[in-house]
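*Asks:*
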Amino acid sequence: MGSSEHDGLLQQQQQQKGEEDQGILETCAYNGYSSVRSFQASQHHDDDDIILNDKRINTTTTFTSTNIQDGTTTTSTSTSTSTSTSSTATAIFPKLLPLIGMTFFLAMSMGSTIGIVPTIMTNRFAQQHYQQQQQQHKEQQQQQQQRIIQESHYSVTTINNNNDDDDDNDTTTTPTITNDTICRYINNNNNNTNNNKNNNTNTIDVCVQASRDAQTAAAISELISNILTLLFSSMVGSMSDIHGRRPFLIVGISLSLLGPVTLLWTVLRPNLSPKLYYYAAKPSNGFVHWMVVTLSIVADTLPDHHQRAAGVGLVMAGFWSGLCLGPTMAAVRLLSSNNNDHDHHVRVVILSCILQLFGLCCALLYIPETVSYEASRQARQKKLQQQQHVLPNNNDNKNNNKLLLLLPTITTILFRPIRELGIVNRNGLLRTLATLAFFSGMATSGDQTLLLYYVNAVLQFRPTDIAIMFLLVGGSAVVAQAVVLRPLNHIVGERWVLILSFVAAVVSNVLYGLSRNRNDMYFAVCIGALSGMAFPTISAIKANNVQRYEQGRIQGALFSIQAISAGIGPVSMRLVDSVANSPHVRWMMRTTTTSTSTMMTQGSMFFFAAILQFIALVCAYRLPKDKTNSTIVVVAAPPTTTTTTI
Numbered sequence: 001m002g003s004s005e006h007d008g009l010l011q012q013q014q015q016q017k018g019e020e021d022q023g024i025l026e027t028c029a030y031n032g033y034s035s036v037r038s039f040q041a042s043q044h045h046d047d048d049d050i051i052l053n054d055k056r057i058n059t060t061t062t063f064t065s066t067n068i069q070d071g072t073t074t075t076s077t078s079t080s081t082s083t084s085t086s087s088t089a090t091a092i093f094p095k096l097l098p099l100i101g102m103t104f105f106l107a108m109s110m111g112s113t114i115g116i117v118p119t120i121m122t123n124r125f126a127q128q129h130y131q132q133q134q135q136q137h138k139e140q141q142q143q144q145q146q147r148i149i150q151e152s153h154y155s156v157t158t159i160n161n162n163n164d165d166d167d168d169n170d171t172t173t174t175p176t177i178t179n180d181t182i183c184r185y186i187n188n189n190n191n192n193t194n195n196n197k198n199n200n201t202n203t204i205d206v207c208v209q210a211s212r213d214a215q216t217a218a219a220i221s222e223l224i225s226n227i228l229t230l231l232f233s234s235m236v237g238s239m240s241d242i243h244g245r246r247p248f249l250i251v252g253i254s255l256s257l258l259g260p261v262t263l264l265w266t267v268l269r270p271n272l273s274p275k276l277y278y279y280a281a282k283p284s285n286g287f288v289h290w291m292v293v294t295l296s297i298v299a300d301t302l303p304d305h306h307q308r309a310a311g312v313g314l315v316m317a318g319f320w321s322g323l324c325l326g327p328t329m330a331a332v333r334l335l336s337s338n339n340n341d342h343d344h345h346v347r348v349v350i351l352s353c354i355l356q357l358f359g360l361c362c363a364l365l366y367i368p369e370t371v372s373y374e375a376s377r378q379a380r381q382k383k384l385q386q387q388q389h390v391l392p393n394n395n396d397n398k399n400n401n402k403l404l405l406l407l408p409t410i411t412t413i414l415f416r417p418i419r420e421l422g423i424v425n426r427n428g429l430l431r432t433l434a435t436l437a438f439f440s441g442m443a444t445s446g447d448q449t450l451l452l453y454y455v456n457a458v459l460q461f462r463p464t465d466i467a468i469m470f471l472l473v474g475g476s477a478v479v480a481q482a483v484v485l486r487p488l489n490h491i492v493g494e495r496w497v498l499i500l501s502f503v504a505a506v507v508s509n510v511l512y513g514l515s516r517n518r519n520d521m522y523f524a525v526c527i528g529a530l531s532g533m534a535f536p537t538i539s540a541i542k543a544n545n546v547q548r549y550e551q552g553r554i555q556g557a558l559f560s561i562q563a564i565s566a567g568i569g570p571v572s573m574r575l576v577d578s579v580a581n582s583p584h585v586r587w588m589m590r591t592t593t594t595s596t597s598t599m600m601t602q603g604s605m606f607f608f609a610a611i612l613q614f615i616a617l618v619c620a621y622r623l624p625k626d627k628t629n630s631t632i633v634v635v636a637a638p639p640t641t642t643t644t645t646i
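First residue of the sequence shown? That's 1 in the UniProt record's numbering, and the numbers climb one at a time after it.
1) To the nearest angstrom, how far is it from the Cα of A310 to the Cα of A482?
2) For M235, which option in D213, L263 and F287 has the closest C-alpha, if you only look at C-alpha atoms?
3) Please work out which residues of its chain come closer than 6 Å, Cβ to Cβ, to I367, disregarding the five sequence neighbours upstream and downstream, and give them in chain order.
4) Taking the alpha-carbon of L612 as reference, which of A504, C526 and P247 has the nearest alpha-carbon?
5) What is the residue span of the alpha helix (DSSP H) that M521 lies within?
6) Indicate the three-state DSSP secondary structure (helix, strand or coil) for D304 in the structure shown.
7) Assuming V440 contacts A534 (C-beta within less than 8 Å), just tell me the rounded distance between them.
8) Would a C-beta distance cut-off of 9 Å place L295 and V312 closer than the cut-off?
9) How would you call P94, buried or exposed, if buried means at least 16 neighbouring beta carbons within 10 angstroms?
10) Is it buried or exposed, K308, if we count other Cβ atoms within 10 angstroms and call 16 or more buried?
11) Just to confirm my understanding: we take I100, look at its own chain, exclude 5 residues before and 5 after, and list those with CB closer than 7 Å. What are they?
12) Run through DSSP, which three-state label would V288 get?
13) Comparing C-alpha positions only, which one of Q602, H305 and T444 sits nearest to K627?
14) Drop a sphere of 10 angstroms on the beta-carbon of K137, count the other beta-carbons inside from all chains shown, and report buried for 16 or more, exposed for fewer.
15) Measuring CB to CB, does M329 end up less than 9 Å from G446?
16) Alpha carbon to alpha carbon, how far is F606 from Y373?
17) Where does the unbroken alpha helix (DSSP H) through I120 begin, and where does it stop?
18) Is the beta carbon of I242 closer than 9 Å to that of residue 647?
19) Going by beta carbon distance, what residues of the same chain come within less than 8 Å of I297, once the five residues before and after it are set aside?
20) Return the CA-CA distance between C619 and H342, expressed in angstroms with no decimal places.
21) Under a Cβ-count criterion, where at least 16 other Cβ atoms within 10 Å of its own Cβ denotes burial, should S578 be classed as buried or exposed?
22) Indicate the three-state DSSP secondary structure (helix, strand or coil) for E222 in the structure shown.
23) What's the C-alpha gap between A126 and T113?
24) Between which two residues does the alpha helix (DSSP H) harbouring N427 extend?
25) Taking only the alpha-carbon atoms, compute the straight-line gap between S531 and V458 and give it to the nearest angstrom.
26) Using DSSP with H/G/I as helix, E/B as strand and the rest coil, what is E494?
27) Assuming V292 and G237 make a contact with CB atoms under 8 Å, what is their CB distance in whole Å?
28) Mind checking whether I120 and T266 have CB atoms under 9 Å apart?
29) Are the beta-carbon atoms belonging to M110 and S352 less than 9 Å from one another?
30) Look at the alpha carbon of T301 and the alpha carbon of A91, and state the distance between them as a whole number of angstroms.
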C-alpha cells in the first residue's frame with residue numbers, strides 16, 4: 001500500500017471523526033447547552049449500546065488508534081465515576097415542575113366530574129330513552145282501546161271521556177322526568193324511596209334501567225378507548241421520537257378537553273343524546289394519550305438512569321394529588337350548595353373545563369421540546385431502514401426516503417402497531433416486564449372500574465364517603481411516590497421496589513374482599529396506594545434498557561399492553577363475580593355459615609385480582625438484578641471502531 005493511499009485513509013478517518021464531533025456540537029447547540037459538560041454528556045449518549053455491569057457504576061471509554069505506518073495499535077482507556085449527590089437529587093423537582101403542574105390540573109379536571117357523570121347520564125337516559133318508550137307504550141294502549149271501543153259501537157263522547165280518564169291516571173303513575181333531581185336517590189342509596197313508595201314506583205324502575213344503560217355505555221366507551229390506545233399508543237410514541245413531543249402532547253390534551261366540553265353541552269341541552277359523550281368524546285383520548293407523551297418527556301428530561309423512577313413517581317404524585325382533590329371539591333360544593341343538582345352540575349363541569357385549559361396552557365407556555373436533533377435524526381434513520389424493508393426501493397428517485405415517512409402504504413399502517421409492540425420481545429427482560437405489566441394491569445383496571453360500584457352496593461357509600469376514600473387514596477399515593485419511592489429505590493433497587501409494590505397489591509385486594517365497613521375499606525385503599533410505585537418503576541426500567549431515540553416507542557408499547565389488560569381485566573372480574581354468585585355455587589356453599597358464604601361470593605372478584613397480582617409478583621421476583629437495578633447499570637459504551645493492522 002502506497003504512502004498516498006495511507007495518507008488518504010488516515011485523512012478519511014479524521015474527517016469521519018470531525019463529522020461526528022460536529023454532529024455532537026450541533027446537538028448541544030440545538031438543546032441550548034454550551035458547556036463542556038454538556039458536550040461530554042452528549043458524547044456518552046450517542047453510543048448505540050448499553051453495558052450492564054453488576055458491581056460498579058464506573059463509565060469506561062476506550063479509544064483505539066492505529067499507526068498505519070508501523071502497524072502498531074495504541075489503546076487508551078479513561079474511566080469516570082458517576083456519583084449521586086444531593087444537589088442532583090434536589091434538581092429533579094425543578095426540571096419536572098411544569099410537567100407536574102400540567103398533570104395536576106388535568107387530573108383535578110378528571111376527578112371533579114368522576115362522581116357526577118353517573119348521575120347526569122342516568123338522568124339523561126331516563127329522560128330521553130325510557131320516557132320515549134313509555135310515551136310509545138301509552139299511544140299503543142290508546143290505539144288498542146280505541147279499536148275496542150269502535151268495535152263495541154261506543155259513542156265519540158264516551159271515547160273522549162275514557163281518554164281523559166286515562167290521562168288523569170297516567171299523571172299519577174307515569175313520572176314526568178324533566179330535571180336532574182328525579183334519579184338522585186339512585187346514586188345516594190335511594191333514601192327517599194320508602195317515603196313515597198307508591199307514587200315513585202315507576203320512577204324507580206325507570207332510573208334503575210337507565211343506570212344499567214349508563215353502565216353499559218361506560219363499559220363500551222372504555223372498550224373503544226382501549227382499542228384505540230392499543231392501535232395508536234405505540235405508533236404515537238414512535239412518531240414523537242422523530243417529530244418531537246410537544247405537538248403530540250398538545251394534541252392529546254386537546255382531545256381530552258372534548259370530554260368535559262361534551263359533558264357541559266349534554267347538561268345544558270336536555271335533548272342531546274348521552275351517546276355522543278360515551279361513544280365519541282370520551283374514547284377520543286385513545287388516539288393520542290397525553291400520559292404516553294408525558295412519560296417520554298420525563299425520560300428525555302432525566303438522562304440519568306438513577307433519577308427516572310423518582311421522576312416518574314413525582315409526575316404520578318402530581319396526578320394523584322389532582323385526582324383526589326377533584327372529588328373532594330365536588331363534594332364540598334354539593335354540601336354547601338342551596339340550589340338544585342342541575343346548577344351544581346353546570347358549575348362543576350365548567351370548573352373541569354377551566355382546569356383542562358390550565359393544563360393546556362402549562363403545556364403551551366412552560367414545557368419545551370425535549371427531543372434533541374441528534375436523537376430525532378437517529379430515530380428517523382432507523383425508521384427509514386425499517387420501512388425500506390417493507391416498501392420496494394426505487395433507486396431512480398432519490399426523494400423516496402422522504403416519502404417513506406409521509407406516505408406509508410396501507411400494509412404499513414395496518415401492521416405498524418404490531419411492529420411497534422415488537423420492542424417488548426427484544427429480550428427476556430422486556431418480555432418479563434410486559435408479562436407482569438399485563439397481569440398487574442388487569443387487576444388494577446378491574447379495581448378502578450368496579451370498586452366504586454362495589455362500595456355503593458355492598459358498603460352503602462355516600463358521596464362524602466367516596467370523596468374521603470379518594471382523598472385517602474390520593475394522599476397515600478403522593479406519599480408513596482413522592483416521599484417513599486426515591487429513598488426506597490436507592491436502598492433496595494428497582495427490583496425490590498416492584499416486589500414490595502405487588503405484595504401491597506395482593507394484600508389490598510384481599511382486604512377489599514374482606515371489608516365489611518367503611519373503616520376497613522379506608523385501610524385497604526391506603527395499603528393499595530403503595531402498589532402505585534410499580535408503574536413508575538416499570539416505566540423507568542424499560543427506559544433504562546432501550547436507546548434514547550426509542551423512549552417514545554417503549555412508553556407507547558407499555559401503554560398499549562396496559563390497554564389490552566384494561567379491556568380484559570374488568571370483564572374477567574365481572575365474570576368471576578357472576579359465577580361466584582350463581583345459584584349452583586351458592587348451593588355448593590350451603591354447608592358454610594351465612595356470613596362466610598356472603599363474604600366469599602361478594603368479594604370473589606377481588607380475590608381473583610389478588611391472584612393476578614401474585615402472578616405479577618412472581619414475575620418481578622424473576623427479574624435479573626443486573627439488568628433491573630439502575631445502580632448497577634452502566635451507560636455509554638464505546639463506539640465500535642475498526643482497527644486496521646499492516
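From the three backbone atoms N, C-alpha and C, an ideal C-beta is built for every residue, glycine too.
*Replies:* In this structure, then:
1) Here the question's residue 310 lines up with position 310 in the sequence shown. Here the question's residue 482 lines up with position 482 in the sequence shown. Distance between the alpha carbons of A310 and A482 is about 7 Å.
2) The sequence position of residue 235 within the sequence shown is 235, counting from 1. Minimum Cα distance to M235 is reached at F287.
3) Walking along the sequence shown from the start, residue 367 turns up at place 367. Here the set comprises P98.
4) For the purposes of this step, residue 612 is taken as residue 612 along the sequence shown, with counting starting at 1. For the residues A504, C526 and P247, the minimum Cα distance to L612 belongs to A504.
5) As a working mapping, residue 521 is identified with position 521 in the sequence shown. Looking at the DSSP string, the run of the alpha helix (DSSP H) that includes M521 is R518 to A529.
6) Mapped onto the sequence shown, residue 304 falls at position 304. The answer is coil: DSSP assigns D304 none of H, G, I, E or B.
7) Translated into the one-based positions of the sequence shown, residue 440 becomes position 440. Translated into the one-based positions of the sequence shown, residue 534 becomes position 534. The question names Val, yet the displayed sequence has Ser at residue 440. Rounded, the Cβ-Cβ distance is 6 Å, consistent with contact.
8) By 1-based counting over the sequence shown, the position of residue 295 is 295. By 1-based counting over the sequence shown, the position of residue 312 is 312. In this structure, V312 lies closer than 9 Å to L295 by Cβ.
9) Position 94 of the sequence shown holds residue 94. P94 should be labelled exposed.
10) Counted from its first residue, the sequence shown places residue 308 at position 308. Correcting the residue identity first, residue 308 is Arg in this sequence and not Lys. Answer is buried; the Cβ neighbour count reaches 16.
11) As a working note, residue 100 is residue 100 in the sequence shown. Around I100: L314, V315 and G318.
12) Counted from its first residue, the sequence shown places residue 288 at position 288. DSSP places V288 in coil when its eight states are reduced to three.
13) Position 627 of the sequence shown holds residue 627. Closest by alpha carbon: H305.
14) Counted from its first residue, the sequence shown places residue 137 at position 137. Sequence inspection shows His at residue 137; the Lys mentioned does not correspond to that position. That one is exposed.
15) Your numbering for residue 329 matches position 329 in the sequence shown. Your numbering for residue 446 matches position 446 in the sequence shown. The answer is no: Cβ separation not under 9 Å.
16) For this step, residue 606 is matched to residue 606 along the sequence shown. For this step, residue 373 is matched to residue 373 along the sequence shown. For F606 and Y373, the distance between alpha carbons rounds to 48 Å.
17) If you number the sequence shown from 1, residue 120 lands on position 120. Segment V117 to F125, the alpha helix (DSSP H) holding I120.
18) Missing from the structure shown is residue 647; the chain here goes from 1 to 646 and no further.
19) If you number the sequence shown from 1, residue 297 lands on position 297. So the qualifying residues of the chain are L99, R245, L249, I367 and T370.
20) Taking the first residue of the sequence shown as 1, we reach residue 619 at position 619. Taking the first residue of the sequence shown as 1, we reach residue 342 at position 342. Cα to Cα, C619 sits roughly 49 Å from H342.
21) In the sequence shown, counting from the first residue as 1, residue 578 sits at position 578. With fewer than 16 other Cβ atoms within 10 Å, it is exposed.
22) Translated into the one-based positions of the sequence shown, residue 222 becomes position 222. Here E222 sits in helix by DSSP.
23) Working through the sequence shown from its first residue, we reach residue 126 at position 126. Working through the sequence shown from its first residue, we reach residue 113 at position 113. When rounded, the distance between both Cα atoms is 20 Å.
24) As a first step, residue 427 is located in the sequence shown; it is residue number 427 there, counting from the start. Unbroken run through N427: none, as it is neither H nor E.
25) The residue you call residue 531 lines up with position 531 of the sequence shown. The residue you call residue 458 lines up with position 458 of the sequence shown. If you take the alpha carbons of S531 and V458, they lie about 24 Å apart.
26) In the sequence shown, the residue the question calls residue 494 occupies position 494. DSSP places E494 in helix when its eight states are reduced to three.
27) Numbered from 1 along the sequence shown, position 292 holds the residue referred to as residue 292. Numbered from 1 along the sequence shown, position 237 holds the residue referred to as residue 237. With 8 Å as the limit, V292 and G237 qualify as a contact, their Cβ atoms being about 6 Å apart.
28) Counting from 1 along the sequence shown, the entry for residue 120 is found at position 120. Counting from 1 along the sequence shown, the entry for residue 266 is found at position 266. Yes. Within cutoff.
29) For the purposes of this step, residue 110 is taken as the residue at position 110 of the sequence shown. For the purposes of this step, residue 352 is taken as the residue at position 352 of the sequence shown. Contact flag set, yes.
30) For this step, residue 301 is matched to residue 301 along the sequence shown. For this step, residue 91 is matched to residue 91 along the sequence shown. Cα to Cα, the separation comes out at about 11 Å.
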